[in-house]
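Protein chains in written order, with numbering that gives the first Met the number 0: chain A, 0 to 418; chain B, 0 to 418.
Even for Gly, the Cβ is constructed at its ideal location relative to N, Cα and C.
Protein chains: 2
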Amino acid sequence: MPILVMKFGGTSVADLDRIRNAAEKVRAEVERGYDVIVIVSAMSGKTNELVGWVNETSPMFDAREYDAVVSSGENITAGLMSLTLQEMDVPARSWQGWQVPLLTTSAHSAARIESIPRHNIDQKFGEGMKVAVVAGFQGLSPEGRITTLGRGGSDTTAVAFAAAFDAERCDIYTDVNGVYTTDPRITSKARKLDRIAFEEMLELASLGAKVLQTRSVELAMRYKVRLRVLSSFEESTPNSGTLVCDEEEIMESKVVSGVAYSREEAKITLVSVEDRPGIAAAIFGPLADAGVNVDMIVQNISEKDYDDHPEAVTDMTFSCPNDQVARAEKAILDAKAADQIGFSELVVDTDVCKISVVGIGMRSHAGVAARMFAALKAENINIKVISTSEIKISVLIDRKYMELAVQALHDAFELETNS
Amino acid sequence: MPILVMKFGGTSVADLDRIRNAAEKVRAEVERGYDVIVIVSAMSGKTNELVGWVNETSPMFDAREYDAVVSSGENITAGLMSLTLQEMDVPARSWQGWQVPLLTTSAHSAARIESIPRHNIDQKFGEGMKVAVVAGFQGLSPEGRITTLGRGGSDTTAVAFAAAFDAERCDIYTDVNGVYTTDPRITSKARKLDRIAFEEMLELASLGAKVLQTRSVELAMRYKVRLRVLSSFEESTPNSGTLVCDEEEIMESKVVSGVAYSREEAKITLVSVEDRPGIAAAIFGPLADAGVNVDMIVQNISEKDYDDHPEAVTDMTFSCPNDQVARAEKAILDAKAADQIGFSELVVDTDVCKISVVGIGMRSHAGVAARMFAALKAENINIKVISTSEIKISVLIDRKYMELAVQALHDAFELETNS
């Protein structure tokens with residue numbers, strides 16, 4: 000029998016009615032001829048309740064106990080889903096992480112999956128079980144204790160099962176019906192993509208499109224697991240949702256697949272930094288130590304390179320999430336006070352946002368950046384920082400132009416049409 | 000190190016404050032020099048919530064899935080209790096049933112404990128762990144699935160651990176501060192017993208005193224585990240609560256230790272039953288099949304024994320819980336319709352209650368029954384059925400006299416005084 004992995008997130012199993020709705024989708028796939036592995040999250044809200052109790056009990060908690068407590072939510076859903084399927088005459092049983100076993104490292108609360116031996120589940124499929132309902136997000140450490148994979152680890156569990164069981168596909172059921180060219184709340188022209196390449200999905204995920212966890216997409220890309228994102232709350236057909244797949248599976252590909260944005264960004268510039276070897280490390284080391292997620296980094300050429308300037312100085316600009324600005328400033332001023340770095344001025348701009356266009360087609364098409372910049376210029380939007388990767392161009396602009404910029408770029412790259 | 004087992008029921012761990020309160024009691028015992036095994040129930044209400052979900056999902060549920068779901072509540076408490084102890088600098092860790100492992104039969108939802116290998120927990124005690132917090136009420140089947148011991152199985156878990164680890168004592172923390180001579184709500188003269196024999200506790204438990212589960216007392220008696228019942232909500236001293244122990248540990252013993260009652264009883268009489276071999280089986284077989292818990296059974300002598308009566312007939316009376324009367328009547332009438340039994344009349348009395356006096360001292364003292372009947376007669380209370388065991392005398396009387404009878408018997412056997 001071909002194997003299908005289906006994953007249902009917290010909102011998809013939030014109560015008994017929704018569990019029944021999800022089970023109907025599982026039954027439909029069994030009737031299509033699949034042996035199914037279902038990965039379930041905790042009923043929405045449950046994990047937060049458990050985490051709240053742990054934090055209240057012990058602010059500096061023992062992560063092993065945290066994992067033992069927090070993993071309970073998924074166990075409950077797995078049992079209830081299995082019972083629901085049995086009520087529909089679908090032979091099903093639940094599996095907790097240690098029963099599979101899903102073997103992980105000992106890094107409690109952030110464990111990595113080591114392996115998933117197929118034997119136990121394969122044996123039950125052989126005995127007539129049609130659905131294995133697996134509690135997501137959890138595993139077993141070499142010491143025999145329960146581990147969790149970190150928040151959102153259920154997506155990763157699903158992809159890992161799909162890889163281990165050579166599944167035909169891994170369907171991620173969630174509360175949106177696919178991946179869009181951009182946020183439909185910003186432009187009604189946003190269009191659902193039928194397919195998107197792993198690399199594009201990765202860029203979109205890291206840019207804040209919350210459909211899939213970055214880690215699960217990375218894992219899917221590595222093991223070439225075909226991922227499908229679709230809604231629990233709509234009728235599913237074999238073509239529902241968006242398929243995240245290898246780019247070879249994508250026949251026609253536009254230059255740009257989507258426009259992403261990140262609203263709460265900040266831009267920090269160190270003016271007239273002394274330009275010497277090691278200066279970047281001297282700046283970004285303390286920022287990393289302070290837990291600042293530095294995103295874009297731009298260093299202009301040094302003045303000595305083009306002028307007869309007596310001192311070798313340059314301007315260094317970086318961006319980070321807005322709520323980390325205070326920490327970033329402190330780390331930089333401390334480093335200056337300790338004479339680790341020198342600069343003349345610290346300029347902070349907390350009113351910026353980031354707009355990105357993403358597409359694997361960029362690799363083979365020139366002029367994408369020029370087209371992007373022209374579209375922004377046509378709206379009189381000033382670009383403050385530019386950063387590019389092989390399949391992405393990101394810019395920082397004033398936050399007030401965010402929606403306008405997304406709409407202009409969506410139009411400029413003709414994303415509302417499929418051809 | 001001597002080992003102590005401490006068990007906390009649902010109301011004793013109902014929220015984080017109560018878990019902290021319970022943990023304080025555990026710490027006090029560690030400071031007294033014990034290695035402690037703590038058995039925890041689910042936070043009160045949690046198990047009912049889980050059972051409710053299972054029943055709503057699947058009325059004829061797969062008991063294996065029921066167990067997987069319902070055992071989650073204890074796992075949560077075990078982790079939270081362990082974290083709370085760690086916050087108090089007490090080295091503790093949580094253990095789920097499968098981690099110990101507590102090995103059981105495969106009778107899901109009503110599994111029996113087979114064995115508790117000591118190795119894993121002993122090893123951790125050897126490494127400096129002072130408290131093993133074990134999720135009660137659950138175990139592992141030979142098939143590697145989670146079992147539960149049935150409702151209230153946490154008491155049984157505690158006694159089984161005390162037996163397996165040769166514990167000095169098994170302390171059952173609950174919401175009452177011990178075992179009383181009778182229900183203090185019925186007479187303010189009720190007195191807490193310092194000690195009570197296993198056999199007496201068994202009779203009281205089966206008579207509806209809800210302090211301890213019958214099954215856990217049986218297990219304690221078999222393995223001579225000294226059980227102490229005490230309150231989570233009072234300061235504990237080494238002499239708190241009531242010690243349930245072997246009668247050899249009880250120095251002075253009254254003839255009667257306590258007066259128990261059961262309010263909702265019914266009395267059913269089959270008049271003029273044909274008296275032939277096998278008639279009892281023909282009556283009580285169908286009742287057992289119908290799930291009726293028959294308690295007292297009284298058969299009067301047959302009329303042919305004392306009279307020249309042409310037919311051999313007798314009257315057969317039994318008692319059962321009031322809410323099982325309809326089922327009992329149906330079973331009997333069905334058996335009559337099928338010609339399995341014959342009788343002239345079925346008399347049902349649903350307005351009775353059962354009063355019992357219990358005491359190991361009865362074995363060596365004559366006249367206890369006479370004293371009981373005299374006390375009831377003095378209050379003009381008519382006795383409808385009498386049944387006796389070696390250490391117990393039970394009577395059925397009209398329900399309206401229940402409180403009066405308890406008070407009269409408590410006085411008659413001078414239970415308010417200790418000597």
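Check your understanding: Under 8 Å Cβ-Cβ, which residues of chain A neighbour B/L49?
Key -> I75
Review point. When Cβ atoms are compared, which residues of the stretch 56-68 of chain B fall closer than 9 Å to chain A?
Key: T56, S57, P58, M59, F60, D61, R63, E64, Y65, D66, A67 and V68
Check your understanding: DSSP on A/V175, reduced to helix/strand/coil?
Key -> coil
Exercise for review: Would you kindly work out how many angstroms separate the C-alpha atoms of B/T147 and A/V69, rounded to a whole number?
Suggested key: 21 Å
Check your understanding: So with Cβ pairs under 8 Å, would you call A/S43 a contact of chain B?
Key -> no
Practice item. Provide the residue span of the alpha helix (DSSP H) that contains B/Y33, from first to last. Key: No alpha helix (DSSP H) holds B/Y33; DSSP gives it neither H nor E.
**Study point:** Span separating the alpha-carbon of B/S153 from that of B/Q323
**Key:** 27 Å
Check your understanding: DSSP three-state call for B/D193: helix, strand or coil?
Key -> coil
Exercise for review: Check each residue of the stretch 96-130 of chain B: if its Cβ is closer than 9 Å to any Cβ of chain A, include it; give the result in chain order.
Suggested key: W97, Q98 and N119
**Study point:** Residue nearest to A/I185 in terms of C-alpha spacing, selected from A/T76, A/D66 and A/Y260
**Key:** A/Y260
Check your understanding: How big is the Cα-Cα spacing for A/T213 and A/A325?
Key -> 27 Å
Practice item. Kindly indicate if chain B contains any beta-carbon less than 8 Å away from that of A/T83. Key: yes
Point to revise | Length of the line joining the Cα atoms of A/V351 and A/D397 | key: 4 Å
**Study point:** Residues from the stretch 5-36 of chain A in contact with chain B, defined by Cβ distance under 7 Å
**Key:** L15
Practice item. Just the chain A side, please: which residues come within less than 7 Å of B/S93 by C-beta, in chain order? Key: E64 and A67
Point to revise | Neighbourhood of A/K45 by C-beta, 6 Å cutoff - its chain only, sequence neighbours within 5 removed | key: G72
**Study point:** Nearest candidate by alpha-carbon position, reference A/P58, set B/M250, B/T83, B/L49 and B/M42
**Key:** B/T83
Practice item. Using a Cβ cut-off of 8 Å, pull out every chain A residue sitting near B/L414, in sequence order please. Key: Simply none; closest approach about 43 Å.
**Study point:** Same chain only: Cβ atoms within 8 Å of A/P183, ignoring 5 sequence neighbours per side
**Key:** A189
Point to revise | A/W52, DSSP secondary structure in three states | key: helix
Review point. Which one or two residues does DSSP pair with B/A337 in a beta bridge?
Key: According to DSSP, B/A337 bridges with nothing at all.
**Study point:** Length at least 4, wholly inside the stretch 65-125 of chain A: the alpha helix (DSSP H) runs in chain order
**Key:** 71-86 and 118-125
Review point. Does any C-beta atom of chain A lie closer than 8 Å to the C-beta of B/V89?
Key: no
Check your understanding: Using a C-beta to C-beta distance shorter than 7 Å, which residues of chain A count as neighbours of B/G149?
Key -> Neighbours of B/G149 on chain A: none; closest Cβ ~17 Å, over 7 Å.
Exercise for review: Please specify which runs of the alpha helix (DSSP H), each continuous and at least 4 residues long, are wholly inside the stretch 253-317 of chain B, giving them in chain order.
Suggested key: 278-288
Practice item. Measure the CB-CB distance between B/M200 and B/L218 and report whether it falls below 8 Å. Key: no
Practice item. Please report the Cβ distance between B/A334 and B/A281, rounded to the nearest whole angstrom; I am assuming they are in contact, meaning their Cβ atoms lie under 8 Å. Key: 7 Å
Review point. From the DSSP output, which residues share a beta bridge with B/R168?
Key: B/L3
Point to revise | CA-to-CA distance, B/A22 to B/L203, given in whole angstroms | key: 30 Å
Check your understanding: Using a Cβ-Cβ distance under 8 Å, would A/E198 count as near chain B?
Key -> no
Practice item. Kindly list the residues whose CB is nearer than 6 Å to the CB of A/E246, restricted to its own chain and excluding five residues on each side of it in sequence; keep chain order. Key: A196 and I359
Review point. Terminal residues of the continuous alpha helix (DSSP H) containing A/Q406?
Key: M401 to A411
Check your understanding: Counting contacts by CB-CB distance shorter than 8 Å, is A/L79 in contact with chain B?
Key -> yes
Review point. Under the three-state reduction of DSSP, which class applies to A/L375: helix, strand or coil?
Key: helix
Practice item. Provide the residue(s) that pair with A/P320 in DSSP beta bridges, ordered along the chain. Key: A/E264
Review point. Does the stretch 23-37 of chain A come close enough to the stretch 51-67 of chain A that 3 or more CB-CB pairs lie under 8 Å?
Key: no
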